[in-house]
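Peer 1: Structure provided below as structure tokens; questions to follow.
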Ligand code: PFF
């Protein structure tokens with residue numbers, strides 16, 4: 007059997023996994039979720055979830071992957087629990103669903119980079135025309151899937167890790183550069199206040215459920231992406247500290263993305279934040295006008311940098327999303343990596359056609375979309391997003407429950423102790439023990455039910 011490949015060192019693994027985590031979820035979704043969910047109040051709930059509920063799932067996924075050196079479905083079989091492979095299959099399906107629409111949005115981001123580079127700031131006002139111009143966005147989506155496939159085809163260290171080592175530091179530099187600049191603008195503080203001043207009155211169960219969904223999606227949890235990346239991690243490495251770095255990285259970038267965005271928005275509105283379009287529109291509708299207000303030269307520089315940064319962040323995530331089904335085909339069907347990449351990229355692109363067209367006007371499609379449960383075509387991606395979020399929560403709940411009660415904690419601890427001197431004596435072990443056995447199964451189970459009820463009934 008051909009070697010599966012490995013990350014060359016700890017940094018390579020952390021950057022690749024952080025690359026998976028940092029994506030559209032951080033830069034596009036997190037800032038407006040914070041703003042809509044009560045500012046700092048949301049951030050506090052989000053942070054608590056990341057470190058108490060998500061971190062243990064992250065650690066468990068990596069441990070299962072590294073122990074078995076297998077894809078998410080094969081991993082459960084390798085541990086001796088063949089029926090649990092369906093949990094891995096659920097993860098692979100979730101990944102396919104996510105990539106199918108994520109790739110389309112990533113294509114928009116890349117398209118916006120091209121528009122900004124040409125100084126077309128009016129694009130924000132033409133957003134709905136833009137995304138209904140099917141042929142143009144299809145070309146961008148094909149380009150994006152092509153770039154993703156190319157990186158994945160080069161393998162773990164030569165493709166995924168190499169791309170992350172170039173793209174992640176570039177991304178950080180770009181964010182810090184734009185952030186530093188945005189702080190110098192008039193009304194920057196108004197923007198930051200708007201972003202962060204806590205509104206505890208806006209916290210309710212829906213917001214709390216939303217924070218957990220966002221945390222799961224943002225950390226790429228619950229679908230075996232981390233099982234897959236963990237399967238390429240050397241036994242010498244410390245899983246717990248790597249997982250902590252990945253979590254900090256992800257949370258940090260999301261937080262900085264907001265700090266970078268809101269001062270820009272406040273500047274362009276002259277400090278009047280009453281009419282800001284939140285939600286998806288914040289980036290694709292509002293921002294081009296914000297860049298325009300910086301003047302033609304700076305507008306082009308900062309605007310194109312921003313959308314390039316968004317595209318880079320998305321690319322390291324699409325790579326991880328594609329790697330999950332690819333690793334499955336390579337492991338289970340002994341397929342050649344290139345063949346697996348081509349097959350999966352084509353299938354997922356085709357699965358993404360409804361998302362691509364979902365914003366266009368086709369009667370047949372509208373009927374189909376209404377049939378599957380969304381109110382109108384533009385809701386199709388939202389519907390897929392909700393479905394995927396629910397699968398991720400279910401996946402995360404089942405993964406920790408499996409580790410604690412089926413695989414058994416002693417085995418989990420044994421894997422975590424490899425490459426971690428003193429693990430058995432450390433407080434971290436106690437923390438993992440409590441969270442994986444009790445806190446995560448109980449709270450994730452409860453919140454899963456709540457989110458399902460909230461979304462579908
Ligand atoms: N974490 C990515 C983001 O925040 O944009 C999305 C994602 C990537 C989810 C990979 C799941 C995954 F396996």
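In the working numbering, the protein residues as written are 7 to 463.
Glycine included, every Cβ here is placed at the ideal spot set by N, Cα and C.
What you are looking at is a predicted structure, and each value in this text was computed from that prediction instead of being measured.
Quick one: using the 10 Å Cβ neighbour count with 16 as the cut-off for buried, is residue 193 buried or exposed?
Peer 2: It counts as buried.
Peer 1: Out of curiosity, what's the CA-to-CA distance linking residue 266 and residue 435?
Peer 2: The straight-line gap from Cα to Cα measures roughly 37 Å.
Peer 1: Restricting to Cα atoms, I'd like to know which of 230, 171, 296 and 208 is closest to residue 268.
Peer 2: Taking only the C-alpha atoms, the option nearest residue 268 is 296.
Peer 1: Answer with buried or exposed for residue 89, where buried requires no fewer than 16 other C-beta atoms within 10 angstroms of its C-beta.
Peer 2: Burial call: exposed.
Peer 1: Any contact of the stretch 252-260 with the stretch 22-38, i.e. 3+ C-beta pairs under 8 Å?
Peer 2: With a cut-off of 8 Å, the stretch 22-38 and the stretch 252-260 count as touching, because enough Cβ pairs lie within range.
Peer 1: Does the Cβ of residue 357 lie closer than 7 Å to at least one heavy atom of the ligand PFF?
Peer 2: Checking the Cβ of residue 357 against the ligand PFF gives no.
Peer 1: Any idea what DSSP makes of residue 426, helix, strand or coil?
Peer 2: Of the three classes helix, strand and coil, the one that applies to residue 426 here is coil, per DSSP.
Peer 1: Over the uninterrupted alpha helix (DSSP H) stretch that includes residue 49, give me the two end residues.
Peer 2: 46-54 is the span of the alpha helix (DSSP H), which, as asked, contains residue 49.
Peer 1: Measuring only the C-alpha atoms, how far is residue 239 from residue 72?
Peer 2: Distance between the alpha carbons of residue 239 and residue 72 is about 6 Å.
Peer 1: As a quick exercise: from 412, 61 and 361, pick the residue whose alpha carbon is nearest that of residue 225.
Peer 2: The shortest C-alpha separation from residue 225 is found at 61.
Peer 1: Out of 344, 338, 184 and 200, point me to the one whose CA is closest to residue 308's CA.
Peer 2: The shortest C-alpha separation from residue 308 is found at 184.
Peer 1: Could you check the C-alpha separation between residue 441 and residue 428 for me, to the nearest Å?
Peer 2: Spanning the two alpha carbons is a distance of roughly 20 Å.
Peer 1: Using the Cβ count rule (16 or more neighbours within 10 Å means buried), how would you classify residue 378?
Peer 2: Only weak support exists for where residue 378 lies, its pLDDT of 49 falling under 50; the value from the coordinates is given anyway. With fewer than 16 other Cβ atoms within 10 Å, it is exposed.
Peer 1: Would the C-beta of residue 31 count as close to the ligand PFF, meaning under 7 Å from any of its heavy atoms?
Peer 2: Answer for residue 31: yes, Cβ within range of the ligand PFF.
Peer 1: So, helix, strand or coil for residue 124, using DSSP?
Peer 2: It is coil, neither helix nor strand.
Peer 1: How many angstroms separate the CA atom of residue 85 from the CA atom of residue 445?
Peer 2: Distance between the alpha carbons of residue 85 and residue 445 is about 24 Å.
Peer 1: Would the beta-carbon of residue 249 be found less than 7 Å away from any heavy atom of the ligand PFF?
Peer 2: Result no, Cβ not under 7 Å from the ligand PFF.
Peer 1: Ends of the alpha helix (DSSP H) at residue 209?
Peer 2: Neither: residue 209 is in no alpha helix (DSSP H) and is coded neither H nor E.
Peer 1: Give the secondary structure of residue 16 by DSSP, where H, G and I count as helix, E and B as strand, and everything else as coil.
Peer 2: In this structure, residue 16 counts as helix in the three-state DSSP scheme.
Peer 1: To the nearest angstrom, how far is the alpha carbon of residue 18 from that of residue 281?
Peer 2: Each residue's Cα considered, the two are about 43 Å apart.
Peer 1: Once you ignore the five residues that flank residue 87 on each side, which residues in its own chain have a CB closer than 8 Å to its CB?
Peer 2: Counting only Cβ-Cβ distances below 8 Å, and skipping sequence neighbours, we find 408, 412 and 413.
Peer 1: Where in the stretch 178-206 do unbroken runs of the alpha helix (DSSP H), each at least 4 residues long, occur, reported from the N-terminal end onward?
Peer 2: Here the runs fully enclosed are 194-202.
Peer 1: Three or more C-beta pairs closer than 8 Å, one from the stretch 297-305 and one from the stretch 196-203: is that the case here?
Peer 2: With the cut-off at 8 Å, the stretch 297-305 and the stretch 196-203 do not touch.
Peer 1: In the DSSP assignment, find the alpha helix (DSSP H) that holds residue 294 and state where it starts and stops.
Peer 2: Per DSSP, residue 294 belongs to the alpha helix (DSSP H) from 293-298.
Peer 1: Given residue 29, which residues of its chain have a CB within under 6 Å of its CB, disregarding the five upstream and five downstream residues?
Peer 2: Excluding sequence neighbours, residue 29 sits near 319, 320 and 323.
Peer 1: Are residue 208 and residue 31 closer than 8 Å when you measure CB to CB?
Peer 2: Against a cut-off of 8 Å, the Cβ pair of residue 31 and residue 208 comes out as no contact.
Peer 1: Within the continuous alpha helix (DSSP H) that includes residue 334, where are the two ends?
Peer 2: That run of the alpha helix (DSSP H) goes 302-339.
Peer 1: Please go through the stretch 60-110 and give each complete alpha helix (DSSP H) segment of 4 or more residues, from N-terminal end onward.
Peer 2: Segments of the alpha helix (DSSP H) lying fully in the stretch 60-110: 61-74 and 78-84.
Peer 1: From which residue to which residue does the alpha helix (DSSP H) around residue 265 run?
Peer 2: Looking at the DSSP string, the run of the alpha helix (DSSP H) that includes residue 265 is 245-274.
Peer 1: Please state whether DSSP places residue 282 in a helix, a strand or coil.
Peer 2: Here residue 282 sits in coil by DSSP.
Peer 1: Would you check if there are 3 or more beta carbon pairs closer than 8 Å linking the stretch 168-188 to the stretch 350-365?
Peer 2: The stretch 168-188 is not in contact with the stretch 350-365.
Peer 1: Is the number of C-beta pairs between the stretch 142-154 and the stretch 227-239 that are closer than 8 Å three or more?
Peer 2: These segments do not touch.
Peer 1: Can you tell me whether DSSP reads residue 161 as helix, strand or coil?
Peer 2: Here residue 161 sits in coil by DSSP.
Peer 1: Please confirm whether residue 166 and residue 157 have their CB atoms less than 8 Å apart.
Peer 2: Yes, Cβ-Cβ distance for residue 166 and residue 157 is below 8 Å.
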